[in-house]
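**Student:** Handing you this structure, nothing more for now.
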Amino acid sequence: MNTEASTLYNKDDMRILVVEDEPKVASFIKKGLEQEHYAVDVAADGDEGETLAEANAYDCIVLDILLPRKNGIEVLKNLRKKNVNTPILILTAKDSVEDRVTGLNNGSDDYLVKPFAFAELLARIRALLRRSSSEFQAELRADDLVMDIPRRKVFRAGREVDLSNKEFALLEYLLRNKNQVVTRNMIIEHVWDMSFDSFTNVVDVYINFLRNKIDRAYDRKLIHTVRGVGYTLKTSE
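To convert, take the position in the sequence shown, counting from 1, and add 2; that gives our numbering.
Listed below in structure tokens is the structure:
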């Protein structure tokens, strides 16, 4: 699946919920979005989708209308009533003007009709993410650590640090929550996807990778363990 290169808003820590009951379509979307470095959760019916959307912080929701147990319009109405303001893209085979108006009037942010090209779906998701990213910062800082997000580069005391995609995503999440404690589950939810086995020690392994690259050569350590809870990136401020 050939898609355009990663953009400013195509970040590993962005999390998308796909509510789609057709396994082939859901798998197609999930695989394509993961190739673009998004973390993706999938729900196969309206009840599950609504529950996940309420319980987790998603950056975007792709929502089918014709779903078992609860249709997408009902899910959409319920989420908006409960002040879930996540951008929602309706994805459906129902292509009449009336159907589109119904979706938009009930709180959806965009509408895409099946069958669709993945490139168009990706472009629409990126547009929604750009629109909702008023707090997006091109550069994140913590003392002498600087992350240049558009260029995907990291510097400590002026020296460039070479990071893998997951290390970059993990560090970005820590920087966006600097001086706050984040649990292992929070990290898994934002850097990996929901199906990830939270009982593995992958978070600790990647924290150690970051420490070796970010902290080891410097007297002042930025990444700290909060015993029994998780981690925090502390600044001197």
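Backbone N, C-alpha and C define an ideal beta-carbon position, used for all residues, glycine too. The structure presented is a predicted model; accordingly, all values stated were derived computationally and were not measured.
Using the rule of at least 16 other Cβ atoms within 10 Å of the residue's Cβ for burial, across every protein chain shown, is glutamate 6 buried or exposed?
**Tutor:** To locate residue 6, count along the sequence shown from 1; it is residue 4. Residue confidence is low: glutamate 6 scores 32 on pLDDT, short of 50, so the model does not pin down where it sits. Its coordinate-derived value is still stated next. With fewer than 16 Cβ atoms within 10 Å of its Cβ, glutamate 6 is classed as exposed.
**Student:** Can you tell me the Cβ-Cβ gap for valine 77 and glycine 48, rounded? I've got them flagged as a contact below 8 angstroms.
**Tutor:** Your numbering for residue 77 matches position 75 in the sequence shown. Your numbering for residue 48 matches position 46 in the sequence shown. About 5 angstroms; that satisfies the 8 angstroms criterion.
**Student:** For leucine 224, is the classification buried or exposed, using 16 other Cβ atoms within 10 angstroms of its Cβ as the cut-off for buried?
**Tutor:** Here residue 224 is taken as the residue at index 222 of the sequence shown, counted from 1. With 16 or more Cβ atoms within 10 Å of its Cβ, leucine 224 is classed as buried.
**Student:** For my contact list, methionine 149 and glutamate 122 are in at a C-beta cut-off of 8 angstroms; report their separation, rounded to the angstrom.
**Tutor:** Here the question's residue 149 lines up with position 147 in the sequence shown. Here the question's residue 122 lines up with position 120 in the sequence shown. Not really, about 31 angstroms apart at Cβ, beyond 8 angstroms.
**Student:** Are the beta-carbon atoms belonging to leucine 1 and aspartate 43 less than 7 angstroms from one another?
**Tutor:** A query on residue 1 cannot be resolved here, the shown segment of the chain reaching from 3 to 239 and no further.
**Student:** Counting beta carbon pairs with one atom in the stretch 122–133 and one in the stretch 100–109, are three or more of them shorter than 8 angstroms?
**Tutor:** no
**Student:** Please look up how many angstroms separate the CB atoms of leucine 81 and alanine 55, rounded, as I've assumed it's under 8 angstroms.
**Tutor:** As a first step, residue 81 is located in the sequence shown; it is residue number 79 there, counting from the start. As a first step, residue 55 is located in the sequence shown; it is residue number 53 there, counting from the start. Contact holds; Cβ gap of about 6 angstroms.
**Student:** Quick one: is arginine 143 buried, meaning 16 or more other Cβ sit within 10 Å of its Cβ, or exposed?
**Tutor:** Position 141 of the sequence shown holds residue 143. Arginine 143 comes out exposed.
**Student:** What residues match up with histidine 226 in a beta bridge as DSSP calls it?
**Tutor:** Numbered from its first residue, the sequence shown carries residue 226 at position 224. In DSSP, histidine 226 forms a bridge with Thr234.
**Student:** Which residues in the same chain have their Cβ closer than 6 angstroms to the Cβ of lysine 215, if we skip the five residues on either side of it in sequence?
**Tutor:** Within the sequence shown, residue 215 is the residue found at index 213, counting from 1. Only Val163 meet the Cβ criterion.
**Student:** For isoleucine 63, which of helix, strand or coil comes out of DSSP?
**Tutor:** In the sequence shown, counting from the first residue as 1, residue 63 sits at position 61. In this structure, isoleucine 63 counts as strand in the three-state DSSP scheme.
**Student:** Provide the residue(s) that pair with aspartate 150 in DSSP beta bridges, ordered along the chain.
**Tutor:** Start at 1 with the first residue of the sequence shown, and residue 150 comes out as number 148. DSSP lists Glu141, Lys155 as partners of aspartate 150.
**Student:** Under a three-way DSSP split, which group does valine 21 fall into?
**Tutor:** On the sequence shown, residue 21 is found 19 positions in, with the first residue counted as 1. If DSSP states are grouped into helix, strand and coil, valine 21 belongs with the strands.
**Student:** Between which two residues does the alpha helix (DSSP H) harbouring aspartate 217 extend?
**Tutor:** Reading the sequence shown from its first residue, position 215 is the one you call residue 217. No alpha helix (DSSP H) contains aspartate 217, which DSSP labels as neither H nor E.
**Student:** Does alanine 46 come out as helix, strand or coil in the three-state DSSP assignment?
**Tutor:** Start at 1 with the first residue of the sequence shown, and residue 46 comes out as number 44. In the displayed model, alanine 46 falls within coil according to three-state DSSP, outside both helix and strand.
**Student:** May I ask you to report which of helix, strand or coil DSSP gives arginine 82?
**Tutor:** The count along the sequence shown starts at 1 and reaches residue 82 at position 80. If DSSP states are grouped into helix, strand and coil, arginine 82 belongs with the helices.
**Student:** What residue range is occupied by the uninterrupted alpha helix (DSSP H) comprising tyrosine 175?
**Tutor:** Taking the first residue of the sequence shown as position 1, residue 175 is located at position 173. First-last of the alpha helix (DSSP H) with tyrosine 175: 167–178.
**Student:** Verify whether the separation of the beta carbon atoms of valine 183 and valine 231 is less than 7 angstroms.
**Tutor:** In the sequence shown, counting from the first residue as 1, residue 183 sits at position 181. In the sequence shown, counting from the first residue as 1, residue 231 sits at position 229. Against a cut-off of 7 angstroms, the Cβ pair of valine 231 and valine 183 comes out as a contact.
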